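A short write-up of the structure that comes next.
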Amino acid sequence: MIAWSLDACRACGAVRAIVVAVPAGYEHGLDGDEGLVVVDGGSTRAESVSNALAEVRTEFVAIHDAARPLLTAALLEALVAELAADPEAD
């Protein structure tokens, strides 16, 4: 499932970095992936997100739960365009 989301992120020209939080022992196959930062997941979703955000160096951040692999590059492009047009938008 994560491969679908990673493919969508990589296909989106606006994505500058990808950080993935994974439970210990699940980094196999991700840890050697060039351009991908892998961090330890936490005991809660909030802790996992916090661990990932600690590695982010960009102005905008999109948080995606790869367990629901419905993400597309077009959806990401639309999100970035919306944020660029109105940085105060939620």
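Residues 56 to 145, numbered by this note's numbering, are exactly what the sequence shown covers, in order.
Positions of the beta carbon are idealized from the N, C-alpha and C atoms, including for glycine.
Note that this is a predicted model, so its numbers are computed, not measured.
Item	Value
Endpoints, beta strand (DSSP E) assigned at Val77	Ile73 to Val77
Pair within 7 Å by beta-carbon distance, Val116 and Ala69	no
Range covered by the alpha helix (DSSP H) that runs through Asp95	Taken as a continuous stretch (DSSP letters only), Asp95 belongs to no alpha helix (DSSP H), being part of the beta strand (DSSP E) at Leu91 to Asp95.
Beta-carbon gap between Ala79 and Ala128 smaller than 7 Å	no
Beta carbon of Ser103 nearer than 7 Å to that of Gly96	yes
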